[in-house]
Structure formats: C-alpha cells, structure tokens
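In my numbering, the protein residues as written are 444 to 641.
What follows is the structure, encoded as structure tokens:
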C-alpha cells in the first residue's frame, strides 16, 4: 500500500511540478508578450512625450510673449503719464507768465461753452433720434474747437486789413470762405455760384 501511496504521491508531485512549470512558462511568456507590447508602445510614448514637450514649449513661449507685451504696455502707460505731467507743467509755466490781459482771455476761453441743452435739441432735430449725454459733450467740444478756428482765421483777416477791435461779421464770413477753400470745412449744403463776378 505504501507503494501505491508513494507512486500516487510521486505522480501528484510530477503533475504539480509540471503544472508549476507550465504556469511559470505561461507567466514568462506573458511577461515576454507584455515587454514586447511595451516596446511596441514605446514609440507612441516617445511621440506623446515629444508632443507634450512641444506643447509645453509653445505655452512657455506664449507666456513669455504675453509678459513682454505687458511690460511694453506698462512702459507706454508710464511714458504717457510722464508726457501728460510734462504737458501740465508746461501749461502751468505758460499760464504763470501770462500778462493780465492774456490771463483774462484764457479764463474766458476755458469758461466758454455751448449750452448742452441747445446742442442736444439741435442734434435730435437733425438726426431724428435721442442722443446720449456723452455725445452731446463731445459735440459741444467739437463746436468750440470749430469756432476757435474760425475766430483765429477772422483775426488773421483783420490783421491783413490793418484793423483792430472786435471781430466783425464780414471777417467771420471771409474766414469761413478761406477755410472752406482750404478744405478745412465740410461743404454741406453750400452751393457754388453759377458764375463769378470779378
């Protein structure tokens, strides 16, 4: 009986060892297949790594460009502020050197403005729609500049004619005519005469 048991045991051991060997062989085959798959996957991984490195580099370049643009904008803002401060200082020096008459004229120029209600009403009549307050303020400023140019030209006409005193309507009309001939004024509804009198 011992022989039978020992033979059964030896067969079991052989069977188990062969099973173990088979499982070991299968495991090693699986590992070989996995390592081959990993080797095959490596080019993809390398390509992915290269792609991610390229993307990372592009992002870094974009960030560097954005930081450079921000630095340029800050420098321009500083230079604008400096220019505004210089302009303000120049204006203060100029005003401090004004004579009494020049100072009075400058104050009148600063205080002079078109009534905003009238400008708004005129603009609404022309356009046929409502106008915001900012547009009215802008138009008032443009009108003030326009009147300043016309008066300046009228004073030049007066000086050419050797006259002094207040600006007369004939000089204002001549100033408008000259500005229109130079192309500084819009023509609008003005029509040229059919013939000229010399």
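The C-beta atom is built at its ideal place from N, Cα and C for all residues, glycine as well.
Does DSSP put residue i in a helix, in a strand, or in coil?
i, result
"residue 575", "coil"
"residue 589", "helix"
"residue 605", "coil"
"residue 627", "coil"
"residue 555", "coil"
"residue 468", "Residue placement at residue 468 cannot be trusted, given a pLDDT of 48 that sits under 50; the coordinates are not used to answer."
"residue 570", "helix"
Suppose contacts are defined by Cβ-Cβ distances below 9 Å. Is residue i in contact with residue j by that definition?
i, j, result
"residue 600", "residue 625", "no"
"residue 560", "residue 596", "no"
"residue 557", "residue 583", "yes"
"residue 549", "residue 538", "yes"
"residue 610", "residue 590", "no"
"residue 555", "residue 516", "no"
Could you give the first and the last residue of the continuous alpha helix (DSSP H) run that contains residue i?
i, result
"residue 624", "612 to 624"
In its own chain, which residues sit with a C-beta less than 8 Å from the C-beta of residue i, not counting the 5 before and 5 after it?
i, result
"residue 579", "559, 562, 563, 566"
"residue 592", "622, 627"
Might you give, ordered along the chain, the residues of its own chain that have their beta carbon closer than 7 Å to the beta carbon of residue i, omitting 5 neighbours on each side?
i, result
"residue 573", "567"
Does any C-beta atom of chain B lie closer than 9 Å to the C-beta of residue i?
i, result
"residue 529", "In the structure shown, chain B does not exist; there is a single protein chain."
Using a Cβ-Cβ cut-off of 6 Å (strictly less than) and excluding sequence neighbours within five positions of residue i, which residues of its own chain qualify?
i, result
"residue 494", "none"
"residue 629", "none"
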